[in-house]
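So the sequence shown is numbered by the working numbering: it starts at 1238 and just counts up by one.
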Amino acid sequence: MAKMIERASERARIPFKNAAFTDFSNAENRQAQLEALEQVKSELGQTHPLVIGGKKINSEKTFASLNPSNPEQVIGYFASATAEQANEAVKAAEEAFTSWKRVPAEERAGYIFAAADLLSQKRFYFNAWMIYEVGKSWAEADGDTAEAIDFLEFYGREMVRLGSDQPLTQVEGEENKLVYIPLGVGAVIPPWNFPGAIMVGMTAASIVTGNAVVLKPASTSPMIAWQFMRMLEEVGLPAGVVNFVTGSGGTIGDALIEHPRMRFIAFTGSREVGLRIHELAAKPQKGQVWIKRTVLEMGGKDAVVVDETADLDSAATGIVASAFGFQGQKCSAGSRAIIVEKVYDEVLQKVIEKTKKLSLGDVTQPETYMGPVVDQNAYNKINEYIEVGKGEGRLLTGGGHHGPGYFIEPTVIADVAPRARIAQEEIFGPVLAVIKAKDFDDALAIANSTEYGLTGALYSRDAARIEQAEEEFHVGNLYFNRKCTGALVGVQPFGGFNMSGTDSKAGGHDYLLLFTQAKSIATKK
Ligand code: NAP
């Protein structure tokens, strides 16, 4: 273990650098990705257990994760955990916590670094599972894996920093120090849309700080979490530090959140579920001796604003990439384009032309830009919104859908009023609402007029307006003259305001503090 500590300390001294995206124009990389897709194809349809306290537990009741490109193809079968099993997982985490919390910070970071190395080695394989399980294009899957690796590298370094001496003002006659100690048992509840990055990020942050967790993956992407569990096992993470509990959030969510021994909940997902967790967690249970902490990252209704001074072509490119990357299923997706009157028609025309060029189809092929939406529920909901949108604006391109997978065309609806439903509600699909603003001030007011505040972009060459937006555009992640998606770990710490969450910043230097509590220790000399 001394070696692991030394190696982790050394690695933490190397400044963090984001993992590079894979260049798929390189023939070798293309071949490697194709081979990984073949490999994954041969592993589809198997049944996977719960993992509680290191024990693999099969269940009679299972559910299937399906390929959204071809819903007849089963990705894998997963155990439908019961509330009792969720309780057992909390117990197992609590047992593991008693020893894990005493493991030195550098050693915990060592496990996280080892997982980063393994994930880097298995990158094409991990990408392939995402292509199959949630319908990501090659580039989107690869970006997701790169972000997962980044979280492991970044939080490993951060824990070494937090584990070292903390700066304090010293006073005569005393020795003072401050240490960051873990919270206890946590529930990690990720969404399916970044099934790699967010699941890995929230889990890594929780455990590297010394907590033990129950990881309950989204029911549309349990396979990605299962693959990560296998990696944690391979790097020798002690049993019980991460317990893997699959099953419907509606069935086991309450048991986890209400459990009196649950100390914190790290959740990323919808506003509706996030608020429910917040409410349930706030109510103290019998025997509970702490206030549960919640880290909630929720939805968005993000806007790309364009004024008359902007490079209009680049603005249209940014609007299209923000709206339709991964089928618009990103919390950061630019689902509103707010364009000032003077250049509205011109930008709109460019947006339509660029949208029509996007390819929609088979994501196992490297050229495909867009794949299916994630499942039947999403497909139905998005199509309903398109119908609503037809009544709220002019449908200019898209609007169609085709099977057998859940394919929905990239859809642009123009002349939408700022308070229309498709301009206010998170659709989470390839639907762009285009809104005309009188001028820049009006555009900014419209951008700020939803209950969310996650990401936003402004295309402008006017320095005064950029300064104004810096102050007034109320979002957690603001971008100038670039798209509003694609935040990088360490570079653009990510998380939003208002109903977009609890203002936490994943991939930032403050993030691990959410998983710790600080203890001040004073000794009289
Ligand atoms: P979701 O339906 O809220 O589900 C998220 C997670 O919560 C899943 O694991 C889900 O499990 C679980 N869950 C569902 N009901 C629950 C309950 N009653 N108690 C406890 N857990 C429960 O969201 P999603 O569709 O997976 O993800 C899309 C949403 O995530 C969008 O709103 C998007 O904007 C948001 N998002 C936000 C960020 C951010 O950083 N702010 C990042 C990515 C995504 P089941 O799958 O079993 O239902």
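Every residue gets a Cβ at the ideal spot worked out from N, C-alpha and C, and that includes glycine.
The structure presented is a predicted model; accordingly, all values stated were derived computationally and were not measured.
Cβ neighbours of alanine 1674 within its own chain (closer than 6 Å, five residues either side excluded): Ile1575, Val1577, Ala1680, Ile1683.
Nearest in C-alpha terms to lysine 1761, of all of Thr1440, Lys1529, Gln1407, is Gln1407.
Between the C-alpha atoms of serine 1456 and alanine 1615 there is a straight-line separation of about 13 Å. Below 8 Å, too few C-beta pairs join the region 1289-1308 and the region 1384-1395 to call them touching: fewer than three. Close CB contacts of asparagine 1735 within its chain, under the 7 Å cut and outside five residues either way in sequence, are with Glu1688, Tyr1689, Gly1690 (chain order). The continuous beta strand (DSSP E) containing phenylalanine 1300 extends over residues 1299-1304. Counting only runs of at least 3 residues, the region 1631-1711 fully encloses the following beta strand (DSSP E) elements, listed from N- to C-terminal order: 1631-1634, 1648-1651, 1668-1674, 1692-1696. Cβ-Cβ distances below 6 Å link glutamate 1343 to Ile1242, Ala1245, Ser1246, Val1397 in the same chain, with the five nearest sequence neighbours on each side left out; the list follows chain order. The beta-bridge partner set that DSSP reports for leucine 1274 is empty. Each residue's CA atom was taken as its position, placing glycine 1727 and glycine 1506 some 22 Å apart. Here the alpha carbons of valine 1611 and phenylalanine 1561 stand approximately 14 Å from one another.
Per DSSP, the beta bridge partners of arginine 1530 are Phe1501. Distance from the C-beta of methionine 1460 to the nearest heavy atom of the ligand NAP is not below 8 Å.
Counted as a single uninterrupted DSSP element, the beta strand (DSSP E) harbouring asparagine 1480 occupies residues 1479-1481. By the Cβ-count criterion, leucine 1512 is exposed, with fewer than 16 other Cβ atoms from all chains shown falling within 10 Å of its own Cβ. Within the same chain, Val1425, Pro1427, Ala1503, Thr1505 come within 7 Å of methionine 1439 by CB-CB distance, once the 5 residues on both sides are set aside. Straight through space, the alpha carbons of lysine 1579 and isoleucine 1386 are spaced by roughly 44 Å.
Assignment of leucine 1715 by DSSP, reduced to helix, strand and coil, places it in the strand class.
Taking a C-beta distance under 9 Å as the contact criterion, isoleucine 1489 and leucine 1517 do not qualify as a contact pair. For isoleucine 1514, the Cβ falls inside the 8 Å cut-off from some heavy atom of the ligand NAP. Note that the region 1333-1342 touches the region 1442-1456; at least 3 beta-carbon pairs, one per stretch, sit closer than 8 Å. Rounded to the nearest whole angstrom, the C-alpha separation of leucine 1399 and lysine 1593 is 49 Å. Between the region 1312-1324 and the region 1278-1297, the count of C-beta pairs closer than 8 Å reaches three or more; the two stretches touch. In this structure, DSSP gives proline 1419 an extended state, which the three-state scheme calls strand. About 12 Å separates the CB atoms of lysine 1567 and asparagine 1714; that is not less than 8 Å, and the two are not in contact.
Contact annotation: cysteine 1721 and alanine 1519 have beta-carbon atoms that are not nearer than 9 Å. Inter-residue distance for glutamine 1322 and glutamate 1332 is about 15 Å (C-alpha atoms, whole angstroms). If you draw a straight line from the Cα of threonine 1601 to the Cα of glutamate 1624, it is about 30 Å long.
With a contact defined as Cβ atoms closer than 8 Å, glutamine 1270 and phenylalanine 1261 qualify at about 7 Å.
CA-CA distance, serine 1551 to aspartate 1544, rounds to 12 Å. In this structure, Ala1701 is the residue among Ala1701, Ile1368, Gly1372 with its C-alpha nearest to the C-alpha of threonine 1546.
Annotation note: the region 1416-1491 contains the following uninterrupted alpha helix (DSSP H) runs of length 4 or greater, listed N- to C-terminal: 1434-1445, 1459-1471.
In the three-state DSSP reduction, arginine 1339 falls in the coil class, being neither helix nor strand.
Short note on leucine 1281: C-beta not closer than 8 Å to any heavy atom of the ligand NAP. Closest option to arginine 1250, judged by alpha-carbon separation, among Ser1401, Asn1263, Ile1312: Ser1401. With a 10 Å radius around the Cβ and a threshold of 16 neighbouring Cβ atoms, serine 1741 comes out buried.
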